[in-house]
Structures are given as structure tokens and as C-alpha cells.
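Asks: So the sequence lines, in the order shown, correspond to chains P and Y. Read in order, the letters of the first sequence correspond to residues 1 to 221 in the UniProt record's numbering. Read in order, the letters of the second sequence correspond to residues 1 to 221 in the UniProt record's numbering. Note that CB positions come from ideal geometry on N, CA and C, so glycine has one too.
2 protein chains.
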Amino acid sequence: MREAYHVELEELAGKLADMSAQAATAMERATKALLEADLALAEQVIGDDSKIDDARAQCEEEAYALLALQAPVATDLRTVLAVIHAAESLERMGDLALHVAKAARRRHPANALPEPVQPYFAEMGEAVVRLARRTQEVIKSKDVEAARSLEADDDQVDEIHRHLFSVIMAKDWEFGVPAAVDVTLLGRFYERYADHAVSVAKRMVFVATGKMPGYGSDEDI
Amino acid sequence: MREAYHVELEELAGKLADMSAQAATAMERATKALLEADLALAEQVIGDDSKIDDARAQCEEEAYALLALQAPVATDLRTVLAVIHAAESLERMGDLALHVAKAARRRHPANALPEPVQPYFAEMGEAVVRLARRTQEVIKSKDVEAARSLEADDDQVDEIHRHLFSVIMAKDWEFGVPAAVDVTLLGRFYERYADHAVSVAKRMVFVATGKMPGYGSDEDI
């Protein structure tokens, strides 16, 4: 029985890692769609989102089954609950990629982003996709140091995000309010995506170390 | 043992209802602080946020203890897990009220909102506080119809939120980009707060009816 439990838990972790990979691919494509005003790619991200939703529902169902059939206690119980929370965050990351894709579609054939801010979004996109892929690794390796290294990428995202505000609020911003509103919301989507990736990694650290991650707001704005 | 379980579950529901009340009060005060540029009130909301965080941690710990000691299955198991999810959403509502209070503090002694959009925020604030208070009622009464009635308030929030965009993007918007950015982010905080309230109520419907709420994005943007 204990062995069956750990085999099932390993399978669940594998599914979580797959969800991270899906969330990474979704944001990678959404960012490309956004920067290149690529409607077909945006539609692909929008169409694929239900797969991440389904994967989350499946993870949750399997975690429920594990709880009901094995009645784990102590660390084992916390591990299963960490999986349920992580699946929720990963689904949310998929939703945020979806929002980026929808913004690209909404402005098509125009580009949603004025040219001067595009490099920032390219950089943020790379950083958050890297975060999601590292999260995928952490889920598989349960490497505490690797999980901690995510904070650096998250700090980079926060820094670009803050800098974006200074760009759109500068006196020489010449693209008007609608573009500033798009930049504001899109910037927030990337920043929240990064926060969720870090929160998943933190939960995996907890699973490995037994130390509970902190509660409360882990975002800046 | 079964009786002890149901007594403890009732106590947990009571704590969730308290969290809803706290989240409602936080957003009510944050909105007043925002509309009246009331720094002391903003500081109060900011200082009180840790209480909602603590309440969430306590709910989660008690739910974990319930799972470990009583090993519920079937509907009982789903009910405890619904409590864990609901506590997370309620904490997030507290965070969103905190963001509103921080925006009020950041612009003080100026008002963060230009005069023409203030009535919209007053209306959104009333609607979302009403949502949180109804959620509090639903947690106590488990009244399915009352839970469904939340959708109307949520639709109202979405409508005001959409209208806000047309106001800030209109040609005659005279308050510049920084104010538009504040309105964009603040509008989103209210809209997300409403989404979380509805999601808590939906989970309570599920607890009462056994029907699982839908997954996926329940937001508009």
C-alpha cells in the first residue's frame, strides 16, 4: 500500500511537470504571437488552453482519489495537497498566456505593443518561459537549490515590469492611453505568471524539505 | 467520530464566513480610502491584511488536521478540499483590497482617481462588498439560490469594468496616461475580487449539491 502510494504520487508529479511544460509553451507562443501580430499562433494558444484546464482537472481528480483511497497523513498528506495547489497555479499560468494571446488577437492585424516596449516584452517573455521550464525541472528533480534560483528570474521580471511603468508614464510617451492600457495589463499578466511559477516551485521545495512556504501576497503591485 | 467530523466542519465553515466578512470590510474601507484619499484608512487596511492571511493559514491547518485525523472520503473529502480552496480565494480577496489601499496611499495626498471615474469605483466598490457579504451568507446558509444570485452582481462589476475602459480610452480623456494606468489596474483589482467571491460561492454550491464547479478561466479579460 505505501509503495502503491509513492508510485501514484510519482505519476502525479509527472503530470504536474507536463502541465509546466504546457504552460511554458503556451506563454512562449503567446509572446511570439504578441510580438509578431501572428493571429494563427494566437488562435492556437487560445484553442489549446482547454488542454491545460483538463490536465488540472485530471491532476485534481487523481489527488482526490489518492486522498480517499490511501488516507495519507503527515508529510504525505501535505505533499498531495501541495500537488492540488500547484495544479491550480499551473492552470492559472495557462490562463495568463491565454490573456496574452487574446490581446494579440484583439489588436490584429495591428501590433498590440508600440515598437519601443516590444524589447521589454521579449525579455519578460523569455524570463517567464525560463521560469516555467525551471519549475518543470524542479517538479522532477525536487532540487531545492534549483527552486531557489527561480527567485532571480522572478526579480528580473519584477524589474522589467516596474521599468515598463516608467516608460509608459514618461512625458515622451507618444502612443496614447489605449496602448498604455494594453501595456499595463499585459505587463501584469507576465508578472502574475512569474509569481505563480515561483509559488509552484516553492511548494515543491516544501514537499522536499517539509518547510511550509510563506503565506500572503507574493506580488509587488 | 462522524459527529465530531461534522462539528469540526461547521466550525471551519464559520471561520470561512468570518474571512468573507474580513475581506468585505477590507474592500469597503479600501474603497473609501481610495475615493476620499484617506491615508489613515488606507494604512488600516494595509495593517489588517495579515489577519486575513493568518485566518487562511489557520483554516488550512484545521482542514489538514481534519483530513489527517478523520480521513474523510467521497463528499466529505470534497467538502474539506472546497474549504481549502475557498480559504485561498478569500485570502486573495484580502490581497486585492490591500492593493487598492496601497494605490490610495501611493497617490496621497492626491486622489488616485480623476473625478469623472470616481462614481464608477464607488459603484463597483458597493457591488463587490455586497458580493463578499452574500458569499458570507452563502457559506453559512449553503443556500444554492442565494449563491446563484451572486452572478448578477458579478455581471454588474464586469459591465462597469468594461465601461471604464471606454471612458479612459475616449478621445476626451484629459487626465493623461498615469491616471489611465491607475484606473486600469484598480479596475482589474475589483473585477478579480468579484471573480474570487463568485468562485467561493460556487464551491459552496458544490458542497451543498455535490456538483463540481466548472474549471477554467472565469474572468473576462
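Measure from the alpha carbon of Pro114(Y) to the alpha carbon of each residue in Trp173(Y), Leu16(Y), Lys140(Y), then state which is nearest.
Replies: Comparing Cα-Cα distances from Pro114(Y) to each of Trp173(Y), Leu16(Y), Lys140(Y), the minimum goes to Trp173(Y).
Asks: Only counting runs of 4 or more residues, tell me where the alpha helix (DSSP H) segments fall wholly within the UniProt domain "PhoU" (122-203) of chain P, in order along the chain.
Replies: Correct list: 144-169.
Asks: For the stretch 97-131 of chain Y, list every residue whose C-beta sits within 9 Å of some C-beta in chain P, in sequence order.
Replies: The residues in question are Leu98, His99, Lys102, Ala103.
Asks: Do Leu77(Y) and Leu67(P) have their C-beta atoms closer together than 9 Å?
Replies: Yes, Cβ-Cβ distance for Leu77(Y) and Leu67(P) is below 9 Å.
Asks: For Thr184(P), go through chain Y and note every residue whose CB falls closer than 7 Å to its CB, in chain order.
Replies: Going along chain Y in sequence order, the residues near Thr184(P) (Cβ under 7 Å) are Val181, Thr184, Leu185.
Asks: Counting C-beta neighbours from all protein chains within 10 Å, is the total for Ala24(Y) 16 or more, i.e. buried, or is it exposed?
Replies: Ala24(Y) should be labelled buried.
Asks: Just the Cα atoms here: how many angstroms apart are Ala101(P) and Gly14(Y)?
Replies: Taking the straight line from one Cα to the other gives about 41 Å.
Asks: Do the CB positions of His161(P) and Glu137(P) come within less than 9 Å of each other?
Replies: For His161(P) and Glu137(P), no; Cβs fall outside 9 Å.
Asks: Hey, does His161(P) have any beta-carbon neighbour from chain Y nearer than 9 Å?
Replies: False, the Cβ-Cβ gap to chain Y never drops below 9 Å.
Asks: What residue range is occupied by the uninterrupted alpha helix (DSSP H) comprising Val45(Y)?
Replies: Where Val45(Y) is concerned, the enclosing alpha helix (DSSP H) stretches over 39-70.
Asks: Is the stretch 176-188 of chain P touching the stretch 45-62 of chain P in the sense that three or more CB pairs, one from each, lie closer than 8 Å?
Replies: Contact fails: fewer than three Cβ-Cβ distances are below 8 Å.
Asks: What separation, rounded to the nearest whole angstrom, lies between the Cα atoms of His108(P) and Glu36(P)?
Replies: Using only the alpha carbons, I get a separation of about 10 Å.
Asks: Quick check: is the beta carbon of Tyr64(Y) nearer than 9 Å to any beta carbon in chain P?
Replies: True, the Cβ-Cβ gap to chain P drops below 9 Å.
Asks: In terms of residues, what are the limits of the alpha helix (DSSP H) holding Asp115(Y)?
Replies: Sequence inspection shows Glu at residue 115(Y); the Asp mentioned does not correspond to that position. Where Glu115(Y) is concerned, there is no enclosing alpha helix (DSSP H), given that its DSSP letter is neither H nor E.
Asks: State the CB to CB distance for the pair Val167(P) and Pro119(P), rounded to an integer number of angstroms; the pair is presumed to be in contact (CB under 8 Å).
Replies: Rounded, the Cβ-Cβ distance is 11 Å, inconsistent with contact.
Asks: Mind checking Arg106(Y): buried by the 16 CB within 10 Å criterion, or exposed?
Replies: With fewer than 16 Cβ atoms within 10 Å of its Cβ, Arg106(Y) is classed as exposed.
Asks: Whose Cβ in chain P lies nearer than 8 Å to the Cβ of Arg133(Y)?
Replies: The contacting residues do not exist; Arg133(Y) stays about 23 Å from chain P at best.
Asks: Under 9 Å between C-beta atoms, does Glu43(Y) make it to chain C?
Replies: The structure shown contains no chain C; its protein chains are P and Y.
Asks: Measuring alpha carbon to alpha carbon, tell me which residue in Leu12(Y), Tyr5(Y), Glu11(Y), Ser20(Y) is nearest Val128(Y).
Replies: Selected option, being the one with the closest Cα: Ser20(Y).
Asks: Sorted by chain position, which residues of the same chain lie with C-beta nearer than 6 Å to Phe189(Y)'s C-beta, five sequence neighbours on each side aside?
Replies: Taken in chain order, the residues that qualify are Leu96, His99, Val100.
Asks: By the criterion of Cβ-Cβ separation under 8 Å, what are the contact partners of Ile168(P) in chain Y?
Replies: Simply Val177, Val181.
Asks: Please list, in chain order, all residues of the same chain as Thr209(Y) whose beta carbon is under 8 Å from its beta carbon, the five residues on each side excluded.
Replies: If we look at Thr209(Y) and ignore the five residues flanking it on each side, its Cβ neighbours are Val144.
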